[in-house]
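Q: At the far end of the sequence shown sits residue 401, using this note's numbering, and the numbering has no gaps. The beta carbon of each residue, even a glycine, is placed where N, CA and C say it ideally should be. Being a predicted model, the structure only gives us computed values, none of them experimental. What follows is a single structure, and I will ask about it in a moment.
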Amino acid sequence: MKPLNAVYAGLPTTIFEEMSRRARETGAVNLGQGFPDDPGPADVREAAAKAVVEGWNQYPPMLGLPELRTAIATHYARWQGLDLDPEREVMVTSGATEAIAGALMALVEPGDEVVLFAPMYDAYLPLVRRAGGVPRVVTLQPPRFGLDEAALRAAISPRTKAVLFCNPLNPTATIFSDADRALLARVCVENDVVAICDEVWEHVVFDGARHRPLIAEPGMRERTVKIGSAGKIFNLTGWKVGFVCAAPALLGALAKAHQFLTFTTPPALQSAVAYGLGKDDAWFEGMRADLQRSRDRFCAGLAELGFRVIPAAGTYFVNVDLAGRDDDDVGFCRRLVSDHGVAAIPVSAFYPGGEVTNVVRFCFAKRDATLDAALERMRGV
Ligand code: GLN
21 MKPLNAVYAG LPTTIFEEMS RRARETGAVN LGQGFPDDPG PADVREAAAK AVVEGWNQYP
81 PMLGLPELRT AIATHYARWQ GLDLDPEREV MVTSGATEAI AGALMALVEP GDEVVLFAPM
141 YDAYLPLVRR AGGVPRVVTL QPPRFGLDEA ALRAAISPRT KAVLFCNPLN PTATIFSDAD
201 RALLARVCVE NDVVAICDEV WEHVVFDGAR HRPLIAEPGM RERTVKIGSA GKIFNLTGWK
261 VGFVCAAPAL LGALAKAHQF LTFTTPPALQ SAVAYGLGKD DAWFEGMRAD LQRSRDRFCA
321 GLAELGFRVI PAAGTYFVNV DLAGRDDDDV GFCRRLVSDH GVAAIPVSAF YPGGEVTNVV
381 RFCFAKRDAT LDAALERMRG V
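See below:
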């Protein structure tokens, strides 16, 4: 047989699937792949059930149900002060990963350069490569994981088409500062670069933080693809309902990619998400407060076990630094799941260049009993 596509043929199965499979097989407490114990808000799930039984189950419009697109625009106006035209600037996708893939397919010409920041979500690099893009990776340095102007500018060239920017950042659980966002915006404007912004964690921010989207920075309104995810907002990660917001010229091209990738997303889930996005502020604040409490409980437990915990400002995740221990992150995670029955994620999976091998990520979006069971099992690891 002739060789298969080289990008995918050489790839291992994603670490998230790998760790969840091991956890299922061994009965481990799964703090690896990022999904909550919480089943998601009952009223949103009931809205979906009702829509399946009583509603329309044939193809919805390719760009998404009008009610959801309007709900997305209204939601972002309320929470982030954005002014989006639901008909020309909002599209629904089957999860944020589809949105990222579609954006890269629609924007990148073979040979174009795409700037990425390490650590990065493991899907980014293969998607850039498959789109024919040439990755230029900027490594973010701990503990701030912020932007460094010289390093950023060194990665930009006349061939740079796009930057792919995740904020809040998975896996570091950090939020980029106002100065970092302003810098990135300036560099994009000066170099005529499009920003593809993975903002799926926008609602999952703690300690009173408020998400600021890159699209709101000066000069970015016409050159930003803003990507969000209902799965992360409503603790319904299996639903795979994502959204894309961009100026009409960009969204039009993205829609062409979407129409031949998934074309649509299940209509019942779309109408339930439309309902959910309209929930009152107290629900969103409560969701954050619950997760923050879980974060604090788990971090206190980790510290008590002697782990060096890296502070988490957002996302479902907290990281520990293994410095001073014998294993690297992969060895530690392997031992943790097989000998102690706890699954976690080695953060080296987010560093394609292998720069960091001493950090392990845990998902704390779990019931107290799950977190406590994991901590108990980790005693003496
Ligand atoms: N976003 C999830 C995480 O970081 C993984 C999603 C997936 O496995 N596709 O854990």
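Count Cβ pairs between the stretch 100-113 and the stretch 257-265 that sit closer than 8 Å; are there 3 or more?
A: Contact holds: three or more Cβ-Cβ distances are below 8 Å.
Q: Can you say whether tryptophan 259 is buried or exposed, counting buried as having 16 or more other CB atoms within 10 angstroms of its CB?
A: Counting Cβ neighbours within 10 Å, tryptophan 259 comes out buried, since at least 16 surround it.
Q: Grouping DSSP H, G and I as helix and E and B as strand, with all else coil, what is methionine 82?
A: Reduced to three states, the DSSP call for methionine 82 is coil.
Q: Do three or more CB pairs link the stretch 47-62 to the stretch 357-364 at distances below 8 Å?
A: Yes, the stretch 47-62 is in contact with the stretch 357-364.
Q: Thinking just about the alpha-carbon of each residue, which of Phe165, Ala143, Ala182 and Ala29 is nearest to the one in arginine 156?
A: Here the closest residue by C-alpha is Ala182.
Q: With 16 other CB atoms within 10 Å as the buried threshold, where does leucine 189 fall?
A: With 16 or more other Cβ atoms within 10 Å, it is buried.
Q: Please list, in chain order, all residues of the same chain as alanine 102 whose beta carbon is under 6 Å from its beta carbon, the five residues on each side excluded.
A: Correcting the residue identity first, residue 102 is leucine in this sequence and not alanine. Here the set comprises Tyr96.
Q: Going by beta carbon distance, what residues of the same chain come within less than 7 Å of tyrosine 371, once the five residues before and after it are set aside?
A: If we look at tyrosine 371 and ignore the five residues flanking it on each side, its Cβ neighbours are Ala138 and Pro139.
Q: With DSSP as the reference, label aspartate 57 as helix, strand or coil.
A: In this structure, aspartate 57 counts as coil in the three-state DSSP scheme.
Q: Exposed or buried, phenylalanine 382, counting other C-beta atoms within 10 Å across all chains shown (16 or more means buried)?
A: Flag for phenylalanine 382 reads buried.
Q: Run through DSSP, which three-state label would aspartate 63 get?
A: In the structure shown, aspartate 63 sits in a helix (DSSP, three-state: H, G or I).
Q: Can you name, in chain order, every residue of its own chain whose Cβ lies under 8 Å from the Cβ of leucine 85, other than the five neighbours on each side?
A: Correct list, in chain order: Val112, Pro287, Gln290, Ser291 and Ala294.
Q: Counting along the chain, where does the beta strand (DSSP E) carrying threonine 159 start and finish?
A: Segment 154-159, the beta strand (DSSP E) holding threonine 159.
Q: Counting only C-beta atoms, is cysteine 208 closer than 8 Å to chain D at any point?
A: Considering every chain present, this structure includes no chain D. It has just one protein chain.
Q: Hey, how far is the Cα of asparagine 25 from the Cα of proline 146?
A: C-alpha separation (whole angstroms): 11 Å.
Q: Does DSSP put isoleucine 235 in a helix, in a strand, or in coil?
A: Three-state DSSP puts isoleucine 235 in a helix.
Q: Report whether the distance from the Cβ of phenylalanine 36 to the nearest heavy atom of the ligand GLN is below 7 Å.
A: Yes, since a heavy atom of the ligand GLN falls inside the 7 Å radius drawn around the Cβ of phenylalanine 36.
Q: Contact check, arginine 425 vs aspartate 198 under 8 Å by CB: the rounded distance?
A: Residue coverage of the chain in this structure runs from 21 to 401, which leaves residue 425 outside it and unanswerable.
Q: At a cut-off of 7 Å, would you count glycine 54 as near the ligand GLN, judging by its Cβ distance to the nearest heavy atom?
A: Flag set: Cβ of glycine 54 near the ligand GLN.
Q: For alanine 205, which residues in the same chain have their Cβ closer than 7 Å to its Cβ, ignoring the five residues on either side in sequence?
A: Around alanine 205: Leu234, Glu237, Pro238, Gly239 and Met240.
Q: For a test of the three-state rule: what should DSSP assign to serine 249, helix, strand or coil?
A: Strand.
Q: Compute the Euclidean distance between the alpha carbons of alanine 175 and valine 209, then round it to the nearest angstrom.
A: Cα-Cα distance, rounded: 15 Å.
Q: Please report the straight-line C-alpha distance between arginine 89 and lysine 70, rounded to a whole angstrom.
A: Roughly 20 Å between the two C-alpha positions.
Q: Over what stretch of residues does the beta strand (DSSP E) that includes threonine 113 continue unbroken?
A: First-last of the beta strand (DSSP E) with threonine 113: 110-113.
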